[in-house]
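A.B. asks: This structure is in structure tokens; I'll ask about it shortly.
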Amino acid sequence: MKELSELKETYKRQSDNFVEEVNNCNKTIIEHAERLTDFCQRLENVQITHKGRLDSHDSQLAELYSRMKVAEDQILALEKEATRLESVKTDRSLFYKTKKKLDLKDLEQDIKLFKNTNHCITLDNYAEKYLPIRTQSLINETLRSVLSGKERRRLELYDNEKNGLLYQ
Numbered sequence: 001m002k003e004l005s006e007l008k009e010t011y012k013r014q015s016d017n018f019v020e021e022v023n024n025c026n027k028t029i030i031e032h033a034e035r036l037t038d039f040c041q042r043l044e045n046v047q048i049t050h051k052g053r054l055d056s057h058d059s060q061l062a063e064l065y066s067r068m069k070v071a072e073d074q075i076l077a078l079e080k081e082a083t084r085l086e087s088v089k090t091d092r093s094l095f096y097k098t099k100k101k102l103d104l105k106d107l108e109q110d111i112k113l114f115k116n117t118n119h120c121i122t123l124d125n126y127a128e129k130y131l132p133i134r135t136q137s138l139i140n141e142t143l144r145s146v147l148s149g150k151e152r153r154r155l156e157l158y159d160n161e162k163n164g165l166l167y168q
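Here the sequence shown is numbered in the UniProt record's numbering, starting from 1 and rising by one per residue.
Written as structure tokens, this is what we have:
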């Protein structure tokens with residue numbers, strides 16, 4: 001019996017040691033599980049934070065890509081316009097020759113305008129000064145052919161008197 005009791009005691013110690021080790025292992029496992037849960041929670045929070053930033057960066061990249069596409073289209077349009085302008089641009093020497101011809105034509109037109117203005121002034125002067133004399137001469141001629149005697153003589157006296165005023 002002593003052996004049995006020693007054996008029981010040995011088993012009991014071993015059992016207690018085993019239970020204690022199992023409990024220690026359980027505590028360690030629980031601590032590791034808690035740390036892992038805490039670590040997973042922190043990783044999840046970081047992932048959520050980074051997900052928001054990643055979505056923000058994705059939208060910014062999409063916007064930048066669309067702006068880059070618009071800029072590329074504008075650059076292509078400007079290149080086409082530059083090519084078109086290069087093909088239709090005027091040669092400088094041809095431009096100056098044409099400008100010189102136009103300046104000469106402008107000068108000719110100025111001379112013609114001056115001559116026409118001078119001619120108009122001459123016509124106005126004639127109409128103002130000599131047309132009344134001519135009209136009066138025609139009237140007097142007509143009256144001379146119609147009148148006779150005393151009336152004709154009065155007309156000649158009147159004509160001599162008034163013609164002096166007209167010729168001044």
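The C-beta atom is built at its ideal place from N, Cα and C for all residues, glycine as well.
1. Report all residues from its chain with a CB closer than 6 Å to the CB of ASP159; omit the five preceding and five following residues, and keep chain order.
2. LEU155 and LEU143: beta carbons closer than 8 Å?
3. Which value, in whole angstroms, describes the spacing of the CA atoms of ILE48 and GLN41?
4. From ALA62 to GLY52, what distance separates their C-alpha atoms?
5. Could you tell me the distance, in whole angstroms, from the CA atom of THR28 to the CA atom of SER56?
6. Note down the Cα distance separating GLU72 from GLU79, rounded to an integer number of angstroms.
7. Secondary structure at ASP55, three-state DSSP: helix, strand or coil?
8. Skipping 5 residues on each side, what residues in its chain have a beta carbon closer than 8 Å to that of LYS162?
9. Express the C-alpha separation of SER148 and PHE114 in angstroms, rounding to a whole number.
10. Tell me the DSSP secondary structure of MET1 in three-state form.
11. Assign ASP73 to one of three DSSP states: helix, strand, or coil.
12. How many Å lie between residue 176 and THR98 at the Cα?
C.D. replies: Reading it off the structure:
1. ASN140
2. yes
3. 10 Å
4. 15 Å
5. 41 Å
6. 10 Å
7. helix
8. GLN136
9. 51 Å
10. coil
11. helix
12. Given a span of 1 to 168 for the chain in the structure shown, any question on residue 176 remains unanswerable.
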